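Chains as they are written, first to last, in the working numbering: chain B, 150 to 349; chain G, 5 to 254. Yeah, the Cβ is synthetic: ideal placement off N, Cα and C, and Gly gets one too. Since we're looking at a predicted model, the values are computed, not measured.
This is how it looks when you write it as structure tokens:
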């Protein structure tokens, strides 16, 4: 089983993601020295903070981390952790990691944040075996990748189709919070841990 | 499609769950971490902890309860009661809360809403509003409904949202504890006035009450305490009841 490096941006609480991953049987190391991500076996970017504050600590190692993700290391970005995988965001000025070409844009819906449980449409094996397809969301921005084939899951909110699962190489970005999505969310994390094993 | 949320609330004092009738006559009903996990098993969409004593000592106990709860809870946890500053909020989030609600502090110092929203993101900033009908309008009350503020509840909900609140937790002081149903006109008025999700609270006595407030108003969620504590019905029973009547629930 790969050792998961959990990225600590220094702006928020990682306990819930760490706790959930460990509950699913993973070995997790919290990483504050971002240079270590460039040779991680497996990376998780948790979903806390705003775009710029999240990128701040990562920015100096942007190129190395991107190269490592492009080489096929298994990685999972959650919520804002998925958004920083894009080139940039309307929410901030910092450059993102740029694994997904395209921008993060504000949601078009009227009632924001998009908060609560919503159904995800997806054939991605990341969701294999979940008892249902409802996951917990809490966001006002979403990724808009140039390459539509990187979208592997969507949800519907106020008649807008929102892309919520992204995949390129072995990196996943999920806009929902698996660590807050009860049994279905735990299954997604277990699937990711297994996926990380298979990538080794 | 976004699901309507059912949120059991645990009113707490010194780390123990209590439930009051009109915020007085408190009874002790159980251990918070255990109850929260039980609610998750029943299908609760979120759990709220409210420290109703809000003494300094009680708040320290509360943080300990939050961290013990968060270890085994895999749905969102909202914590409120006595949160006054961004630092209070940071401590609650670090203990394992996903959202933090502010009530009187947001009224006496509205800038704290903006400060918290900028620092932690508006999705975790909940402004709790206790409203009571007074002279033909809904007025905001604080301190468990004992202190009037002169603020209009609808105007305050809009201002709080403009300042950065990501959600409004709206409690009707008229309905709270009476178990005669949520305050539908109040909830509808606030939900129409703001563009963030509104959680309806106060007055739940039956599954029908939950159905009413979720279908007759724009509320995104219904919060209830005693009906769940005293097992008058379970969260899963409410979900089934709502699903049978065409309400989208998880």
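Can you grab the Cα-Cα spacing for the pair residue 16 (chain G) / residue 182 (chain B), in whole Å? Using only the alpha carbons, I get a separation of about 39 angstroms.
Would you say residue 162 (chain B) reaches chain G, if we count a Cβ-Cβ gap shorter than 7 angstroms as a contact? Closer than 7 angstroms to some Cβ of chain G, the Cβ of residue 162 (chain B) qualifies, so yes.
Neighbour list for residue 340 (chain B) in chain G, Cβ cutoff strictly below 7 angstroms: Listed along chain G, no residue sits closer than 7 angstroms to residue 340 (chain B) by beta-carbon distance, the nearest being about 15 angstroms off.
From this set, B:229, B:202, B:150, which residue's C-alpha is nearest residue 321 (chain B)'s C-alpha? If we check each option's Cα against that of residue 321 (chain B), B:229 comes out closest.
Buried or exposed: which applies to residue 272 (chain B), given that a residue is buried once 16 or more other Cβ atoms fall within 10 Å of its Cβ? It is exposed - the Cβ of residue 272 (chain B) has fewer than 16 other Cβ atoms within 10 Å.
How would you list, in chain order, the residues of chain B whose beta-carbon sits under 8 angstroms from the beta-carbon of residue 9 (chain G)? Listed along chain B, the residues sitting closer than 8 angstroms to residue 9 (chain G) by beta-carbon distance are 265, 266.
Reference residue 258 (chain B); option with closest CA among G:199, G:79, G:107: Nearest of G:199, G:79, G:107 to residue 258 (chain B), Cα basis: G:199.
Report yes if the C-beta distance between residue 125 (chain G) and residue 199 (chain B) is below 7 angstroms; otherwise report no. Result yes, Cβ atoms of residue 125 (chain G) and residue 199 (chain B) sit closer than 7 angstroms.
Beta carbon proximity, residue 262 (chain B) to chain G, threshold 7 angstroms: Yes, because at least one Cβ of chain G sits closer than 7 angstroms to the Cβ of residue 262 (chain B).
Answer with yes or no whether the minimum CB distance from residue 5 (chain G) to chain B is below 7 angstroms. Answer yes: the Cβ-Cβ gap between residue 5 (chain G) and chain B drops below 7 angstroms somewhere.
DSSP puts residue 131 (chain G) in a beta bridge; with which residues? G:106, G:172, per the DSSP bridge assignment.
Taking residue 202 (chain G) as the reference, give the member of G:185, G:175, G:213, G:45 with the closest Cα. Considering only alpha carbons, the answer is G:175.
I'd like to confirm the pairing. Which residues does DSSP put opposite residue 192 (chain B) in its beta bridges? Partner(s): B:154, B:224.
Residues in its own chain within less than 6 angstroms of residue 253 (chain B) by CB, not counting five upstream and five downstream? The beta carbon of residue 253 (chain B) sits closer than 6 angstroms to those of 232, 235, 238, 290, 292, all from its chain and outside the five residues before and after it, given in chain order.
Under a three-way DSSP split, which group does residue 284 (chain B) fall into? Assigned with DSSP and collapsed to three states, residue 284 (chain B) falls in strand.
Taking 7 angstroms as the CB-CB limit, is residue 27 (chain G) close to chain B? At residue 27 (chain G) the pLDDT is 42, less than 50, meaning the model places this residue with poor confidence; the figure from the coordinates comes in the next sentence. Interface flag for residue 27 (chain G) against chain B is unset, since no Cβ pair is found closer than 7 angstroms.
If contact means a Cβ-Cβ distance below 7 angstroms, which residues of the region 93-119 of chain G contact chain B? Result list: 97, 98, 100, 102.
Between the C-alpha atoms of residue 160 (chain G) and residue 144 (chain G), what's the straight-line distance to the nearest angstrom? Linking residue 160 (chain G) to residue 144 (chain G) through their CA atoms gives a straight-line distance of about 8 angstroms.
Assuming the contact rule is C-beta atoms closer than 8 angstroms, residue 77 (chain G) and residue 41 (chain G) should be a hit. Round their C-beta distance to whole Å, please. Going by Cβ atoms, the distance from residue 77 (chain G) to residue 41 (chain G) rounds to 6 angstroms, so yes, they are a contact pair.
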